[in-house]
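To start, the structure itself, in structure tokens.
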Amino acid sequence: MITYCDALNEAVMQEMEQDPTVFVYGIGAPDHKKIFGSTANLLEKFGPERCFDTPIAEDSMTGLGLGAAINGLRPIHVHIRVDFLLLAMNQLANLVSSFCYGIGGKVGVPLVIRAVVGRGWGQGYQHSKSMHATFAHIPGLKVVCPTTPEDAKGLMIAAIRDNNPVLIFEHRWLYWQTGAVSAESFEVPIGKGKIVRKGKDVTIVATSWMNVEALQAAEILGRHGVEVEIVDPRTIAPLDEDIIVESVNRTGHCIVADNDWVYCGFSAEVAAMVSDRCFGRLKAPVRRIGFAHTPCPTARHLENEFYPNAENIVREVERTLSMERIDLSGEKFYSHENRFRGPF
Amino acid sequence: MKQTNVEMYRRMYLIRKAEETIQTYYAQDEMKTPMHMSMGEEAIVTGVVQALNPEDQVLGTYRSHALYLAKTGETDIFFAEMYGKATGMAQGKSGSMHLSSPDHGLLCCSAIVASSIPIAMGAAYANKYLKNGKRVAVFFGDGATDEGVFWETVNFACLKRLPMLFVCEDNGFAVHTRREHRHGFSSLNKVLANFDCNVFEEKSTDPAVIFETTRKALAAMEQNGRPCFLRLHYYRYLEHVGINEDFEAEYRPRHEYLEWREVDPIAMQRKKLAAIGYLPEQVRVLEQGVDEQIARSIDFASGSPYADACELHKGVFICG
Numbered sequence: 001m002i003t004y005c006d007a008l009n010e011a012v013m014q015e016m017e018q019d020p021t022v023f024v025y026g027i028g029a030p031d032h033k034k035i036f037g038s039t040a041n042l043l044e045k046f047g048p049e050r051c052f053d054t055p056i057a058e059d060s061m062t063g064l065g066l067g068a069a070i071n072g073l074r075p076i077h078v079h080i081r082v083d084f085l086l087l088a089m090n091q092l093a094n095l096v097s098s099f100c101y102g103i104g105g106k107v108g109v110p111l112v113i114r115a116v117v118g119r120g121w122g123q124g125y126q127h128s129k130s131m132h133a134t135f136a137h138i139p140g141l142k143v144v145c146p147t148t149p150e151d152a153k154g155l156m157i158a159a160i161r162d163n164n165p166v167l168i169f170e171h172r173w174l175y176w177q178t179g180a181v182s183a184e185s186f187e188v189p190i191g192k193g194k195i196v197r198k199g200k201d202v203t204i205v206a207t208s209w210m211n212v213e214a215l216q217a218a219e220i221l222g223r224h225g226v227e228v229e230i231v232d233p234r235t236i237a238p239l240d241e242d243i244i245v246e247s248v249n250r251t252g253h254c255i256v257a258d259n260d261w262v263y264c265g266f267s268a269e270v271a272a273m274v275s276d277r278c279f280g281r282l283k284a285p286v287r288r289i290g291f292a293h294t295p296c297p298t299a300r301h302l303e304n305e306f307y308p309n310a311e312n313i314v315r316e317v318e319r320t321l322s323m324e325r326i327d328l329s330g331e332k333f334y335s336h337e338n339r340f341r342g343p344f
Numbered sequence: 345m346k347q348t349n350v351e352m353y354r355r356m357y358l359i360r361k362a363e364e365t366i367q368t369y370y371a372q373d374e375m376k377t378p379m380h381m382s383m384g385e386e387a388i389v390t391g392v393v394q395a396l397n398p399e400d401q402v403l404g405t406y407r408s409h410a411l412y413l414a415k416t417g418e419t420d421i422f423f424a425e426m427y428g429k430a431t432g433m434a435q436g437k438s439g440s441m442h443l444s445s446p447d448h449g450l451l452c453c454s455a456i457v458a459s460s461i462p463i464a465m466g467a468a469y470a471n472k473y474l475k476n477g478k479r480v481a482v483f484f485g486d487g488a489t490d491e492g493v494f495w496e497t498v499n500f501a502c503l504k505r506l507p508m509l510f511v512c513e514d515n516g517f518a519v520h521t522r523r524e525h526r527h528g529f530s531s532l533n534k535v536l537a538n539f540d541c542n543v544f545e546e547k548s549t550d551p552a553v554i555f556e557t558t559r560k561a562l563a564a565m566e567q568n569g570r571p572c573f574l575r576l577h578y579y580r581y582l583e584h585v586g587i588n589e590d591f592e593a594e595y596r597p598r599h600e601y602l603e604w605r606e607v608d609p610i611a612m613q614r615k616k617l618a619a620i621g622y623l624p625e626q627v628r629v630l631e632q633g634v635d636e637q638i639a640r641s642i643d644f645a646s647g648s649p650y651a652d653a654c655e656l657h658k659g660v661f662i663c664g
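Those protein sequences? They're chains A and B, same order as listed.
Just so you know, the working numbering puts the end of the first sequence at 344, numbered straight through with nothing missing.
Just so you know, the working numbering puts the end of the second sequence at 664, numbered straight through with nothing missing.
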């Protein structure tokens with residue numbers, strides 16, 4: 001059993017060992033904090049040419065990744081927050097995403113961009129964004145959101161080996177999740193979802209941290225006779241539509257629990273796709289759960305209002321299945337908040 | 345040097361002739377792509393490219409007809425892309441503003457001001473890392489020096505001593521806005537001199553002068569490992585975008601243009617060839633060869649098919 005963070009580190013370490021063109025860079029990548037430990041030992045093992053710090057200059061440093069990627073290297077650019085990645089939007093949306101297309105499909109861009117999704121202990125509205133849908137909206141970018149340690153390792157290795165730009169969104173709270181992960185090098189294919197839990201009554205499509213909440217909700221609902229199926233798409237773009245469609249066709253119900261804002265978000269994309277492809281099989285409208293449509297507040301009690309949790313999922317399932325309201329007074333929600341004491 | 349001068353004349357004549365040909369045919373509306381014409385800057389691109397090795401790499405802007413033609417010497421694919429045809433470098437997906445030719449070392453051109461500068465830095469990082477000896481030259485206008493990403497890139501390239509030339513083709517305007525309305529400092533060179541780079545400046549339409557300056561820059565870079573900033577002045581003959589003059593807009597006076605036109609790079613170089621003993625007949629043969637090449641390319645491009653509609657979806661990602 002290793003943590004999600006160690007799985008990320010192991011993936012990068014193994015790829016750097018077997019491919020001398022892989023390098024890691026970004027603000028703080030080699031410093032003593034090592035991006036929460038995920039870049040541990042890379043500087044020590046591979047030296048400053050292959051693991052280096054950068055000025056606070058996300059825009060140009062993204063261009064550096066693109067230039068190196070089209071010239072024979074495989075860069076991994078690390079951002080300790082998604083919010084900082086937004087400074088690179090010009091390079092991502094205008095250069096990186098369209099490079100291969102604009103050169104007639106002849107030159108790939110094997111660039112990996114890691115970005116950590118913050119949450120809790122007062123991260124506030126500039127340290128907590130997810131925004132995977134914003135990036136997935138842009139043709140030419142692949143976007144993955146691993147949830148488990150196994151997926152973290154396998155998707156990271158697949159991303160590094162991919163000859164196209166891949167963005168990896170890593171939820172900060174998932175860093176301490178543990179799981180069994182093969183010590184060998186392996187890939188989890190980009191564009192393939194996973195059934196996290198089998199069930200026949202309702203499909204919950206959950207991304208990133210919302211899988212943790214969905215599992216808790218499924219456990220509670222299971223005690224009340226409802227069998228929840230959870231689908232983790234793992235990749236936001238390109239989306240594994242079939243795994244979702246197949247599940248919803250069986251359950252007839254679909255709730256999307258996205259770790260992001262709802263409006264114009266990934267949940268809307270899934271809802272539209274399911275409504276189209278499962279129209280005759282749906283027994284109720286597709287419902288969506290996500291962040292409140294506000295900037296993320298700092299104070300804990302407001303933050304709890306901002307983020308959806310297992311309770312919200314339970315209530316949405318009740319609504320979708322026209323169930324009696326379950327008494328949740330004995331359940332504990334938002335317990336993970338107590339575990340995370342920051343600062344980042 | 346005589347042969348170099350002949351070669352540089354051939355390139356500059358090719359660039360000028362290709363753009364005059366665009367002017368001739370543009371009104372037919374078969375080349376549906378915004379043309380940012382290079383006229384006036386031929387000596388800069390030609391001198392710099394002549395000083396580089398063929399395997400060295402370059403990146404440009406939306407105003408890169410000259411760069412493409414100087415680096416590749418070819419016009420079939422160039423015009424096919426202008427015509428939006430399947431035989432263009434990107435099957436018509438890129439047009440005038442996004443020229444490239446990876447086989448010739450033209451990595452890309454971008455229509456977002458300054459945005460190719462950090463990509464050049466990444467290419468230089470890779471070259472240094474791979475120890476392949478290639479140098480990178482990135483071309484941009486003085487408007488690009490207004491962008492933060494320019495300064496970010498200069499900073500990091502100097503810090504890491506990356507083998508690259510920052511080639512500023514300075515026409516004094518960012519689109520229609522003069523330097524004095526944009527800069528809160530008096531001397532760009534003085535600011536840059538505070539970075540760990542080699543700074544050069546030239547105001548010449550003689551490609552041999554640009555060639556020599558670039559050679560000096562490359563030698564300095566070889567010697568002290570520092571990147572170079574070359575500020576090379578020229579005058580844009582035509583409007584910011586389009587094939588016409590724009591002096592009637594009155595943001596710049598015609599007499600400025602006429603002063604530069606007196607030292608037009610192509611006319612001057614033709615005179616120089618005569619002075620160094622290249623016979624008028626030889627010049628005629630050279631020019632005729634270029635004229636025929638371009639005429640063939642226009643036939644090739646206009647006669648080429650458009651890509652199939654399914655081409656739209658190809659090339660977003662590379663397979664394998």
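C-beta atoms are modelled at their ideal positions from N, C-alpha and C, and glycine is treated no differently.
With distances taken Cα to Cα, identify the nearest neighbour of residue i among the options.
| i | options | result |
| --- | --- | --- |
| residue 339 of chain A | A:175, A:32, A:279, A:191 | A:175 |
| residue 178 of chain A | A:197, A:193, A:150 | A:150 |
| residue 6 of chain A | A:226, A:233, A:153, A:242 | A:153 |
| residue 294 of chain A | A:41, A:163, A:306, A:31 | A:306 |
| residue 547 of chain B | B:617, B:571, B:579 | B:579 |
| residue 603 of chain B | B:656, B:356, B:384 | B:384 |
| residue 382 of chain B | B:561, B:490, B:582, B:589 | B:582 |
| residue 542 of chain B | B:571, B:652, B:524 | B:571 |
What does a CB cutoff of less than 6 Å around residue i pick up in its chain, not counting 5 residues either side in sequence?
| i | result |
| --- | --- |
| residue 76 of chain A | 24, 112 |
| residue 479 of chain B | 400, 507 |
| residue 269 of chain A | none |
| residue 519 of chain B | 584 |
| residue 498 of chain B | 539 |
| residue 62 of chain A | 88, 91 |
| residue 267 of chain A | 256, 258, 288, 290 |
| residue 424 of chain B | 431, 432, 645, 648 |
| residue 358 of chain B | 413, 634 |
| residue 186 of chain A | 154 |
Who are the near neighbours of residue i in its chain, counting only those whose CB is closer than 8 Å to its CB and skipping five residues on each side?
| i | result |
| --- | --- |
| residue 56 of chain A | 27 |
| residue 220 of chain A | 310, 314, 326, 328, 331 |
| residue 97 of chain A | 138, 139, 140, 141, 165 |
| residue 453 of chain B | 403, 404, 405, 406, 408, 411, 412, 441, 442, 443, 444, 460 |
Rounding to the nearest angstrom, what Cα-Cα distance links residue i and residue j in this structure?
| i | j | result |
| --- | --- | --- |
| residue 105 of chain A | residue 528 of chain B | 42 Å |
| residue 539 of chain B | residue 333 of chain A | 55 Å |
| residue 467 of chain B | residue 341 of chain A | 41 Å |
| residue 317 of chain A | residue 240 of chain A | 23 Å |
| residue 352 of chain B | residue 367 of chain B | 23 Å |
| residue 123 of chain A | residue 39 of chain A | 22 Å |
| residue 171 of chain A | residue 36 of chain A | 12 Å |
| residue 143 of chain A | residue 386 of chain B | 43 Å |
| residue 248 of chain A | residue 224 of chain A | 21 Å |
| residue 21 of chain A | residue 72 of chain A | 7 Å |
| residue 349 of chain B | residue 363 of chain B | 21 Å |
| residue 639 of chain B | residue 471 of chain B | 38 Å |
| residue 11 of chain A | residue 505 of chain B | 30 Å |
| residue 476 of chain B | residue 456 of chain B | 29 Å |
| residue 210 of chain A | residue 292 of chain A | 14 Å |
Among all the DSSP beta bridges, which residues are the ones paired with residue i?
| i | result |
| --- | --- |
| residue 577 of chain B | B:514 |
| residue 380 of chain B | B:586 |
| residue 113 of chain A | A:77, A:167 |
| residue 403 of chain B | B:452, B:482 |
| residue 543 of chain B | B:573 |
| residue 521 of chain B | B:518 |
Give me, in chain order, the residues of the same chain whose beta-carbon lies closer than 7 Å to that of residue i; leave out the 5 immediate sequence neighbours on both sides.
| i | result |
| --- | --- |
| residue 494 of chain B | 458, 461, 488 |
| residue 3 of chain A | 149, 175, 176, 177, 178 |
| residue 34 of chain A | 40 |
Legend entry - Length at least 3, wholly inside the stretch 148-191 of chain A: the beta strand (DSSP E) runs in chain order: 166-171
Legend entry - Sequence ranges, alpha helix (DSSP H) only - wholly within the stretch 69-98 of chain A, length at least 4: Runs of the alpha helix (DSSP H) lying entirely within the stretch 69-98 of chain A, each at least 4 residues long, are 82-85 in chain order.
Legend entry - Secondary structure, beta strand (DSSP E): runs of 3+ residues fully inside the stretch 222-267 of chain A: 228-232, 235-237, 254-261
Legend entry - Runs of alpha helix (DSSP H) lying entirely within the stretch 7-66 of chain A, each at least 4 residues, in chain order: 42-46
Legend entry - Segments of 3+ residues assigned as beta strand (DSSP E) that fall wholly inside the stretch 286-344 of chain A: 287-291
Inset, instruction - Ignoring anything shorter than 4 residues or poking outside the stretch 608-653 of chain B, list the alpha helix (DSSP H) runs there in chain order. - result: 609-619, 624-647
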